[in-house]
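K.L.:
Could you have a look at this structure, given as structure tokens, before my questions?
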Amino acid sequence: PPVDRVLYKMREKSRKGTLERPLKALDRAVVMAHKTGDKEMMLEAHFDLAVYWEKHEEAEAVVKNLRLAVELITVMRGGKLHVTIEDVAALARVLEVRGKLSQVQELYADLLRGKILALGEHSALSVPVSLS
7 PPVDRVLYKM REKSRKGTLE RPLKALDRAV VMAHKTGDKE MMLEAHFDLA
57 VYWEKHEEAE AVVKNLRLAV ELITVMRGGK LHVTIEDVAA LARVLEVRGK
107 LSQVQELYAD LLRGKILALG EHSALSVPVS LS
């Protein structure tokens, strides 16, 4: 799937420590992705912008780009039912570091609520962990 491909690319970039692109190039990538309608390119651009702003210690810009990335992942995966915890982990980590624990709880609750709505309240598939 395209989302997994982008997440893999981002992990590889992080592991290899590839050179960062200038802000102008990153902004241009977002504009091009919007013009072409390429969701995969748009997702990668938002992750790249989040990394850029994290290196420059601009927390609000990081959160904004990660929220946009999570919204795009939700669309690309076909709804909250198919969104994984790994998909929202970067946003949850940044919010947690900033001390926004209530927003982290809200993020995970929203994810679980989407699964429950799609599968039904009594479905064992909607519970992300085993209760036995």
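Residue numbers (the working numbering): 7 to 138. All C-beta atoms in this analysis are idealised placements derived from N, C-alpha and C, irrespective of residue type, glycine included. Since the model is a prediction, treat every value here as computed from it, not as a measurement.
(1) Could you spell out the range, first to last residue, of the alpha helix (DSSP H) harbouring Lys30?
(2) From Trp59 to Leu101, what does the alpha carbon distance come to, in whole angstroms?
(3) Taking only three categories from DSSP, how would you classify Lys86?
(4) Taking the alpha-carbon of Asp10 as reference, which of Thr90, Gly43, His62, Gln111 has the nearest alpha-carbon?
(5) Determine the closest residue to Leu55 out of Val36, Leu97, Gln109, with distance taken between C-alpha atoms.
(6) How close, in whole Å, do the beta carbons of Lys45 and Pro8 come, if the pair is a contact with beta carbons under 8 Å?
(7) Report buried or exposed for Met48, applying the criterion of at least 16 other Cβ atoms within 10 angstroms of its Cβ.
(8) Rounded to a whole number of angstroms, what is the C-alpha to C-alpha distance between Glu50 and Met82?
P.N.:
Quick look at the numbers:
(1) For Lys30, the enclosing alpha helix (DSSP H) covers residues 29-42.
(2) For Trp59 and Leu101, the gap between their C-alpha atoms comes out near 14 Å.
(3) helix
(4) Thr90
(5) Val36
(6) 7 Å
(7) buried
(8) So the alpha carbons of these two residues sit roughly 13 Å apart.
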